[in-house]
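In numbering that gives the first Met the number 0, the protein residues as written are 0 to 539.
All C-beta atoms in this analysis are idealised placements derived from N, C-alpha and C, irrespective of residue type, glycine included.
As structure tokens, the structure follows; a few thoughts come after it.
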Amino acid sequence: MEKIKALLDSIYPFYPVLFILGSGIITVFFGMSGRKPVKLFIIILTACSIAAGIFINIYSYNLKGEFSNFLFNFSGLQVALTSMVLFSALNALLFLCLFNFRKDNLIKIILMFDLCILSFIFFIPSVNFIVMFSSLTFFITGVFQLVTSLNRGVFLSSMPEYTIKNNIIRFFLLSALSLLLMFLGFSLLFGATDLKTFSQVLESDFKNTSLIKTGFFIILLSAFLFSGFVPLHSPYMKMQKRIEKSSTSIIWLLYILAGIILLLKLKDIFFFFLDSDNKYIIIALLVVSAACVFAGNLGALKTTSIRRIFSFFVLSILGTSVLGFVQYGLGLFDGTTVLKYIISNCILLGVTYMPLMLVFYSLETNGDDSLERLRGFGKRNIYLSINMVIIMLSLSGLPGTYGYLSRMSLLSVFLSDYRTIIDQSGGNFISGLKISNMLVAFISWAFIAANIIRLIVVIYGKEITKKDIYATDLQSREVIENSGTVKSKTVQGSAFIPVFIYIYVTIFTLLIVLTGVAGLLEILGLKTLFSGFSILSLNF
């Protein structure tokens, strides 16, 4: 027992790796199988290993506390991020299996998925330049292979397979360029200081040298390339429309999440530049944020593709996340508030996107993700449409939902006493930046609300004829049967939606509403909904 305890102590805090690695090793032995019982066994095994990873991640931290060495740092922030990644992975696995169960290479896809999650888990607590770069490289390579495999043999009426793969390659070339820039930045830091972590470099006497600042700037640039901020979002937008639908869940739930976590890893560099009272850095971040907000929301208003609408939403929310660092530079946020705000944005994206996209994917056939397919859905399916409206309104910040807490964490500093904030010392220039920051924050809220209202109007708009729906579904069903993917049924001219989706969407709706109500009660100073637990006091 002592040897086992010593072994477990030596691998802390990577207990989730044991479950996922064990599941992956078992999966290897069934890699060539295409039988349905074997697929079900591997799916259940993988899901259980990820769920166990979430539990052991939180439980072990409560038992053992923080961990730090020259390679990794594991604290409350890393616990929260690891749990978020594993929860996203559990839902991404659902999307993979639901829409690819009939594929012969499903078990190989799950094996690649396991490798992506393992590299992601190592990336989150990494502080050493080599470990950080290596784990992120393995992650990007795994996601590229996974998305490519999911789109092998996919047929869309609008374009051939080689066009889809060409867009995938263009997207990941941008990721490769970001890795090269990151490697260059790490090399400059290590070459100039012989130090291997950001904290060591920032605590050294070299931090104010031109070479170190150049390295920091290159690393920040690589993070913006990785996340696909404006004007680098074109490959991301083109790919999202064209790839197989479960591939978009991998990009949204894992790749984009990795980009946000990368920004959090670089928080000390942001704070370093912002603490030096560098107004040009504040202006640059504000311009990036405003560009993402305007491009994302205007793009969503112009397109009729559901995938592109939500891809533009992601771009907009990435932009508002950058506003957190702008608020820090203007003295409106402290470091902890910035972390809480960005993490709340991540959670908001996850709890709204996962249920909404599962419904949208169930209605999408033969690559047709037109907004017109939602027209009249509120009359055809009253229960699901009500849940979808609540979730979408949460995304726009409806009071009493989780989205309100996320939006208010950014806007509350202005709503409390905007005149005092604007008139604070710092001169007209700083006041102008604060006003611009406030305008971007409020415009982003107004834009996202306008886009959500547009979707709700379509959902409850004039119903398209059953004849049109049946014709579209009949054509798509023919193509799907030939391609070997999930079949779509029709019931009285409308797409059949499994009972499982009703349960899945209901769970997320309850989660969004209960969390939002609890937070609203705390804001109003009333009794907390969850005894002994405060949502607003969570710290990382």
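{"Query": "Three-state secondary structure (DSSP) of N540", "Result": "Absent from the structure is residue 540, since the part of the chain shown begins at 0 and ends at 539."}
{"Query": "Separation of L509 from L39, as counted between CA atoms", "Result": "28 Å"}
{"Query": "Reduced DSSP secondary structure (H/G/I, E/B, other) of D367", "Result": "strand"}
{"Query": "Touching by the beta-carbon criterion (3+ pairs, under 8 Å), the stretch 162–172 and the stretch 139–154", "Result": "yes"}
{"Query": "Neighbourhood of S369 by C-beta distance below 8 Å, restricted to the same chain and skipping five residues each side", "Result": "T303, S304 and I305"}
{"Query": "Pick from L357, R379, R34 and S395 that is closest to F312, judged by C-alpha positions", "Result": "S395"}
{"Query": "Other residues of its chain near L201: CB distance less than 7 Å, five sequence neighbours each side excluded", "Result": "D267 and F271"}
{"Query": "Assigned secondary structure, S361 (DSSP; H/G/I helix, E/B strand, else coil)", "Result": "helix"}
{"Query": "Distance, M83 Cα to I116 Cα", "Result": "12 Å"}
{"Query": "8 Å CB neighbourhood of V287 in its chain, flanking five on each side removed", "Result": "F223, F228, V229, G318 and V321"}
{"Query": "Contacts around M236, its chain only, beta-carbon distance under 7 Å, and the 5 residues preceding and following it disregarded", "Result": "R307 and S310"}
{"Query": "Per-residue DSSP class, three states only, for F71", "Result": "strand"}
{"Query": "Straight-line gap, F332 to P12 (C-alpha atoms, nearest Å)", "Result": "30 Å"}
{"Query": "Contact between the stretch 209–216 and the stretch 48–56 (3+ Cβ pairs under 8 Å)", "Result": "no"}
{"Query": "Any non-hydrogen atom of the ligand ZN closer than 6 Å to G377 Cβ", "Result": "Questions concerning the ligand ZN fall outside what the structure shown contains, since it holds no ligand whatsoever."}
{"Query": "Buried versus exposed call for M391 [16 or more other C-beta atoms within 10 Å across all chains shown]", "Result": "buried"}
{"Query": "Cβ neighbours of D467 in the same chain (closer than 6 Å, five flanking residues each side left out)", "Result": "In this prediction, D467 scores a pLDDT of 49, lower than 50, which makes its location untrustworthy; no coordinate-derived value is stated."}
{"Query": "Touch test, the stretch 61–71 against the stretch 124–139, Cβ-Cβ under 8 Å, three pairs minimum", "Result": "yes"}
{"Query": "Span separating the alpha-carbon of S275 from that of S435", "Result": "21 Å"}
{"Query": "Limits of the alpha helix (DSSP H) - the one that T147 falls within", "Result": "F128 to L149"}
{"Query": "CA-to-CA distance, I242 to G334, given in whole angstroms", "Result": "38 Å"}
{"Query": "Proximity of I106 and F29 at Cβ, strictly below 7 Å", "Result": "yes"}
{"Query": "Cβ separation of L231 and I281, assumed to be a contact under 8 Å, to the nearest whole Å", "Result": "No, L231 and I281 are not in contact; Cβ-Cβ is about 21 Å, not under 8 Å."}
{"Query": "The alpha helix (DSSP H) enclosing Y14, as first and last residue numbers", "Result": "Y14 to V27"}
{"Query": "L397 versus K378, M356 and T351, residue with shortest Cα-Cα distance", "Result": "T351"}
{"Query": "Close beta carbons around Q474, own chain, < 6 Å, minus the five adjacent residues each side", "Result": "Residue placement at Q474 cannot be trusted, given a pLDDT of 42 that sits under 50; what the coordinates show is reported in the next sentence. Taken in chain order, the list of residues that qualify is empty."}
{"Query": "Rounded straight-line distance, which links the Cα of L520 to that of M238", "Result": "42 Å"}
{"Query": "CA-to-CA distance, I163 to N150, given in whole angstroms", "Result": "8 Å"}
{"Query": "Contacting residues, own chain, Cβ-Cβ under 6 Å from I139 (five flanking each side not counted)", "Result": "S174"}
{"Query": "Per-residue burial, M31 [other beta carbons within 10 Å of its own, 16 or more giving buried]", "Result": "exposed"}
{"Query": "Buried versus exposed, by CB contacts within 10 Å (16 or more), D193", "Result": "exposed"}
{"Query": "Segment limits, alpha helix (DSSP H) that includes S304", "Result": "Element bounds for S304: n/a, residue is neither H nor E."}
{"Query": "Within 7 Å, strictly: CB atoms of V325 and L285", "Result": "yes"}
{"Query": "Alpha-carbon to alpha-carbon, S186 and V130", "Result": "13 Å"}
{"Query": "Which residues DSSP lists as bridging S125, in chain order", "Result": "F71"}
{"Query": "Where F332 falls: helix, strand or coil (DSSP)", "Result": "coil"}
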